[in-house]
Structures are given as structure tokens and as C-alpha cells.
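*Asks:* Chains as they are written, first to last, in UniProt numbering: chain C, 1 to 339; chain Y, 1 to 339.
Think of the CB as a built atom: it goes at the ideal place given N, C-alpha and C, for glycine as much as any other residue.
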DNA sequence: CTGAAAGCGCTAACAC
DNA sequence: GTGTTAGCGCTTTCAG
């Protein structure tokens, strides 16, 4: 008599418990179509009493609709992607769509796998970091027939739509600001970038703008792995030992920049006169540092927001922008002399 | 003749393109059962040529198996949960299970909603932060019939299984170490904790152990929102202005502790003699600080690992531990005098 | 306002 | 090795 096996509950169980047809139960549970208050009440009561949780698998198969948006990013521990997620969530919360995150660890093969896995759930849209993807990945996205927004970068051509900043331009503008500040012996400290295309583009834009200003990069150093703050210290020390005459250090992200800043302060360097420094991202962390590090905001939250808005619009069949290029501003902070 | 509509591809399309039955195509694509190399090849070729991506919705409905593990955590921007995720992923990567993350923002109602949404996809297991949940949430987890592991905390009774540390004990042990170091005028700085049960338990354990040692907490202050590093600075300054005779500051997390440390160093305090300090979590960031902050490792990666291992075992029908209580160790760093 | 029938795209279970 | 049949639990569509 009693349901002592552990078969999950189905619509049919609710139907039998309430004496209402499965179809009408379904309508009540989805708030679709007109149902009398009396039946609605009976159904809701029965569903709650049983502890029924609908089976979205079956629902999705029948309706051919999945209210999921695949969000594919390189890393969670970066401090940059959580903010993008916040922007996305904020927008999607006002709809029936839900973000689902996949992480690629900056590996193209893993990106391909994650994309494949996520597409096999037939989501309503894809938001994916970067414009560089394997041919197979690009093919999958094109073939999916759903809206795809590539984010964070604007130097390239998207499969479908893109929202981001130009990292080449970001590097260029920072170089120009540094030169305008009168610095000439400039070092670069960054991540090893074979797979971080955005860092690479900033580096390229940076060196090109320096060259245009008649300045050659005096020194550079790349790291991988480990605590970014600690790496920033170590690399700064190493570089200044090697090239003591540097008057500026450009870090490819704020965390290593913060490490460098802390080390320089301890050593008693005169910032920004004897030596200047700048990072990239505009992370909240910087606000607690002894000096405000010069940086450039990567517009993370806005990128998330705009990308989600495009997905939402397209899901509703509305037209939407296909290329949103944001313009980040330099913050001079206390570590970069103004012109 | 050509497939110029945008209907997604089905097994049937691959079957027709390869001249092999749907069933055999399915077997090939899943590596199930014996298939001759010749047919396997035909199928793989056709699938790739078409760009076929299987429909997991249909597969899951038919097989009653969903290879997803729901991971429900309060926040991504915390620096603590990404590490837990890493532990989980590491273990699941060796299986066919995949983590799916849901975020609750420390809100019980949101937790309930997220849990409901995730359970409606019929995952193979649930890993959820904390032991405090609404009655409805607990009921859902119990009724789901799938393995549920509550993580991060061990002060309480799990619905099914738990992996964590005792935060009461963590607070207690830190208090004992501080007293053993000879400190007596102790201040507490933390997050506003109505909803962060683990921070609350640390606070409780801490004050109780102080009381047992005959010491009353000399001052305390709570914050919410904003940059943790900056808040740490501000609160430290405020507290020492108000209570200049304090000889120890216990911070409820490492980020605000780091902020406090930076401020104290700037002010020229003699650490750890004139004043000591300690945080909680053991975050990687600390390694880049001018001094190593005393802290206690929250065993984040191991918690993730052990929780995932339990899910994997149970999914395979094997027995598994139901209560894993990890014992975090104090790191004295450079900011807490040893006994 | 409510119900009955017919699938959604795949896989379990069984033939051959 | 390979194919056939019958659903999985819902929603769509069409009758009343």
C-alpha cells in the first residue's frame, strides 16, 4: 500500500493523489493555461504533501526547451570571472534562464570537451570567454543554432556575437600613458601566455606602442603557477636586481602588481617618482593596498551583463547587438605619474 | 534534399548517413557493447561529418541516469569555494560524473530554490555547503534518494553524510593558542554573521575558550560588504583607536586579517610582541604578504576531495563514510608568539 | 476549464 | 555483432 520503494515521484503520483488528470496537474505546476482555483488548490496541496519535484529531463525532452545558459570560462580562481558571473546572474535572475558554468583551465582541448558536454544538454544559449577556439569548437557553436556570445575580448571575429574590450588597445593605451608620464626604462612582468590570448594581446599592444614612441622594452619576465602575490614580489626583486635602472614596471595583472608594490614599498623605493608601476583588471583587492596601484578596469561586470542581455533578447526572438566593444579607462592611482 | 532547416541532428540522421541502425550508432557513440571495427568506423565518420552532438536530455530520460553532481555553495568570490571546487573536480575527472555549481549567496530561500532546481534535473548526488538548511531543503534532500554530502562544517548532524571541520573547535583552539602566547587583551574582527553559520561557530568557540581561560573579549567589530582587505584596514584602525591597549586581534578571515596586518606594519607596530594577529582559512594570498599571518587551514581542497569520493563510491553502490571530520592545524606564521 | 492521445530522442532488454 | 520493440516522464495538440 505505502510507497516504501525509492522510486522518485512522478506527475502520475500527484495526479492520483489529487484526483486530477496528469495534464491538469502539469498545467498547475507550470502556471500555464486556465485552471479553476479549486483544482489548482487540490493539486498544489497534493504536490506539496508528497514532496514532488518535477522531472526537468522529461519536461525538456517533451517541450524541446531547456532554460539553461552555458557559461564557459577558463578559471574560477581568477577573481575576474566571478565578477563576470555576477553580471550574468544579475540579468538572468529577471528571466527564467539559469547560468551553468563550465571551466576550461585555459586548455583548448578541455574547452572543446566542456562545450560538447554542455551543448549536449541543449541549452538556450552560450556565453564563452575569448575569441580563440579550435575549429571543432567553432563548428559546434555554429551548428548549435543557439545564440553564442564570446566575451572579454574584442580583437577578432566572433562566431555569432561578442562583448568585450580590445586588449591590444588596452596595452597600447597603458604604454602611451606610461610614456606620457616620462618613464623610459620599462619592464614587463606577466604570466606565461601561450594560452592566455588576452594577456598576449595586451603584451603585443604594449610593446608596439612603446616602439612607436621610440622606446624598446628594457626587460621582461614571465611566470606560471603559484601564489600571484608572492610571484609578483619574487619577479620584481629578480628583475630589479638584474636591471636596477628600470623606471617602470607593467604587470599583466593586478595581483602580481600588488606583490611588486608591496616589495618596492618595503625596500623604500620612491613611487611613482623613482619607479612607477601599473597592473590590469581593476580588482577590488587594490583598495586595501597601502598605495592605489595604477590599473585599467576590464569592465568585467558590464561584460557579463551585456552578454546575458544579448542571450535574453535572442531567446525571445528579438534582435540584439552583435558586437559590443567597451572602452576601459586608466586609473592612475598613486603609482603612475600623470602627464 | 539538403538539411537547410535548423533542426538539431538526431541519432537517426547519423543512422541514415552511415547505413547502421540507430541502436548500433548509439552503442558506438557510448562505447557500449561489442561493435565491429568496420561499423564503428563508419558511424564515427558519419557522426563527425555531420557534426552530431548527442542529446543528453533524451539519453538521461531513457537510461534514468544523469551523470551530474550538484554542488551548492554560498559564494564564488570567496577564495574558499573555488578551492573546494578544485578538490571536487580533481576526483570527478577520473569518473564519468560532472560537477554543476549553484550559488546561494548565504540566503536560505535561495538555497531552497537552487536545490529544487538542481534536484529537478535528477543528479547523481549533491554536495552542499553547511549543515544548516530550511526544513523544506532537508526534506527535499532526504526524499531525493541520492547521496547527499554536507561539507565545510562538522558541528551538527547531516541529512546523509558530512565532510568538514569543527568551526567551534577551530575558534577554541585559536583562542587557546593566543592565551598560551601570553596575550590577554583580545579583540575580534569579523563579518556580520547572521547567515554565515561557520563564522558564527568560530566566534562562539573562541569566546568560550577565552572565558574558560578567564579572559573576556576586550572588543569586537563586524562588517559587511566592500573590499575585505580595505575593511580589514579600516576596522583595525577603528578598533585600535577605540581600544589602544589591545595586544591581539583575531580576524574571522584571512583577507581582513591581511588588511589589518598591512595597516599595523605601516603604523610601525611591533608584531608579534606589541600586538599579535591571526586569521582563518589559510589562503594562498598570505604567502605574498610582508609577514606570514597566523592562520588555520580550513582544509578546503581535502574537503572537496573527500566529499566527491563519497559521492563516487555511493554512486557505484559501494558503502562510504558518513562522517569525515578533519583536524585543521594552526600556522603560527610571524604574527602569533609561540608558547 | 479539463482530458486523451501522441510523441520528444534516446537506451534497456531482448531477439536474431 | 546487430536489429527490434517498448518505453523513460513529461508537454503538445486537439477534443470536448
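Could you round the C-beta distance between residue 178 of chain Y and residue 165 of chain Y to whole angstroms and report it? I think they count as a contact, below 8 Å.
*Replies:* Not quite, the Cβ-Cβ distance comes to about 19 Å (not below 8 Å), so this is no contact.
*Asks:* Measuring CA to CA, which of Y/100, Y/10, Y/300 is closest to residue 67 of chain Y?
*Replies:* Y/100
*Asks:* Between the alpha carbons of residue 46 of chain Y and residue 330 of chain C, how many angstroms are there, rounded?
*Replies:* 52 Å
*Asks:* Would you identify the three-state DSSP class for residue 94 of chain Y, choosing helix, strand or coil?
*Replies:* Under the three-state reduction of DSSP output, residue 94 of chain Y falls in the coil class, being neither helix nor strand.
*Asks:* From the DSSP output, read off the bridge partner residues of residue 256 of chain Y.
*Replies:* Answer is none; residue 256 of chain Y lacks a bridge partner.
*Asks:* To the nearest angstrom, how far is it from the Cα of residue 191 of chain Y to the Cα of residue 252 of chain Y?
*Replies:* 7 Å
*Asks:* In this structure, how does DSSP classify residue 115 of chain C when only helix, strand and coil are distinguished?
*Replies:* helix
*Asks:* Give a yes or no on whether the minimum CB-CB distance between residue 87 of chain Y and chain C is below 9 Å.
*Replies:* no
*Asks:* So what does DSSP say about residue 197 of chain Y, is it helix, strand or coil?
*Replies:* helix
*Asks:* Going by the C-beta, is residue 82 of chain C closer than 8 Å to any heavy atom of the ligand MG?
*Replies:* Ligands in the displayed structure: none, and consequently the ligand MG is not present.
*Asks:* What residues of chain C sit near residue 242 of chain Y, judged by a beta carbon separation below 7 Å?
*Replies:* In chain order: nothing, as chain C lies at least about 20 Å away.
*Asks:* So with Cβ pairs under 9 Å, would you call residue 201 of chain C a contact of chain Y?
*Replies:* no
*Asks:* Span of the beta strand (DSSP E) holding residue 243 of chain C?
*Replies:* Where residue 243 of chain C is concerned, there is no enclosing beta strand (DSSP E), given that its DSSP letter is neither H nor E.
*Asks:* Give a yes or no on whether 9 Å exceeds the smallest Cβ distance from residue 79 of chain Y to chain C.
*Replies:* Using a Cβ-Cβ cut-off of 9 Å, residue 79 of chain Y counts as an interface residue toward chain C, since at least one Cβ of chain C sits closer than that to its own.
*Asks:* Name, going along the chain, the residues of the segment 100 to 132 of chain Y whose beta-carbon falls closer than 7 Å to a beta-carbon of chain C.
*Replies:* 100, 101, 116, 117, 119, 120, 121, 122
*Asks:* Report back the beta-carbon spacing between residue 259 of chain Y and residue 236 of chain Y to the nearest angstrom; my notes put them in contact at under 8 Å.
*Replies:* 7 Å
*Asks:* Assign residue 104 of chain C to buried or exposed, taking buried as 16 or more other Cβ atoms, counted over all protein chains shown, within 10 Å of its Cβ.
*Replies:* buried
*Asks:* Comparing the C-beta of residue 2 of chain C with each C-beta of chain Y, is any distance below 9 Å?
*Replies:* Low confidence applies to residue 2 of chain C: its pLDDT is 41, below 50, so where it sits in the model is not reliable enough to give any reading.
*Asks:* Quick one: using the 10 Å Cβ neighbour count with 16 as the cut-off for buried, is residue 26 of chain C buried or exposed?
*Replies:* buried
*Asks:* Any idea if residue 139 of chain Y is buried or exposed, counting beta-carbon neighbours within 10 angstroms, 16 or more meaning buried?
*Replies:* exposed
*Asks:* To be precise: take each residue of the segment 227 to 238 of chain Y, compare its Cβ to all Cβ atoms of chain C, and keep it if any distance is under 7 Å. Which residues remain?
*Replies:* Cβ contacts with chain C come from 227, 229, 230, 232, 233.
*Asks:* If we count the other Cβ atoms within 10 Å of its Cβ and call it buried at 16 or more, is residue 339 of chain C buried or exposed?
*Replies:* exposed
*Asks:* When the Cβ atoms of the segment 276 to 290 of chain C are set against those of the segment 5 to 14 of chain Y, are three or more pairs found closer than 8 Å?
*Replies:* no
*Asks:* In terms of residues, what are the limits of the beta strand (DSSP E) holding residue 323 of chain C?
*Replies:* 323 to 326
*Asks:* Let me make sure I understand the geometry here. Which of C/61, C/289, C/88 has the alpha-carbon closest to that of residue 72 of chain C?
*Replies:* C/88
*Asks:* Could you work out which residue in C/327, C/315, C/43, C/333 is closest to residue 375 of chain C when comparing CA atoms only?
*Replies:* Lying before the first or after the last residue shown, residue 375 of chain C is absent from chain C, which here runs from 1 to 339.
*Asks:* Would you give the residue range spanned by the alpha helix (DSSP H) that residue 311 of chain C belongs to?
*Replies:* 300 to 315
*Asks:* Using the Cα positions of residue 175 of chain Y and residue 264 of chain Y, report the straight-line distance between them to the nearest angstrom.
*Replies:* 21 Å
*Asks:* Kindly indicate which residue of C/184, C/226, C/122 has the alpha-carbon position closest to the one of residue 274 of chain C.
*Replies:* C/184
*Asks:* Going by the DSSP bridge assignment, what does residue 281 of chain Y pair with across the sheet?
*Replies:* Y/297
*Asks:* Can you tell me the Cβ-Cβ gap for residue 162 of chain Y and residue 154 of chain Y, rounded? I've got them flagged as a contact below 8 Å.
*Replies:* Contact between residue 162 of chain Y and residue 154 of chain Y holds, with the beta-carbon distance rounding to 6 Å and staying under 8 Å.
*Asks:* Return the residue from the list Y/79, Y/96, Y/85, Y/94 that minimises the CA-CA distance to residue 128 of chain Y.
*Replies:* Y/85
*Asks:* For residue 23 of chain C, which of helix, strand or coil comes out of DSSP?
*Replies:* helix
*Asks:* Would residue 123 of chain Y be called buried (16 or more neighbouring beta carbons within 10 Å of its own) or exposed?
*Replies:* buried
*Asks:* Quick check: is the beta carbon of residue 356 of chain C nearer than 9 Å to any beta carbon in chain Y?
*Replies:* Here chain C has residues from 1 to 339 only, and residue 356 of chain C is not among them.
*Asks:* Under the rule that 16 or more other beta-carbon atoms within 10 Å means buried, what is residue 281 of chain C, buried or exposed?
*Replies:* buried
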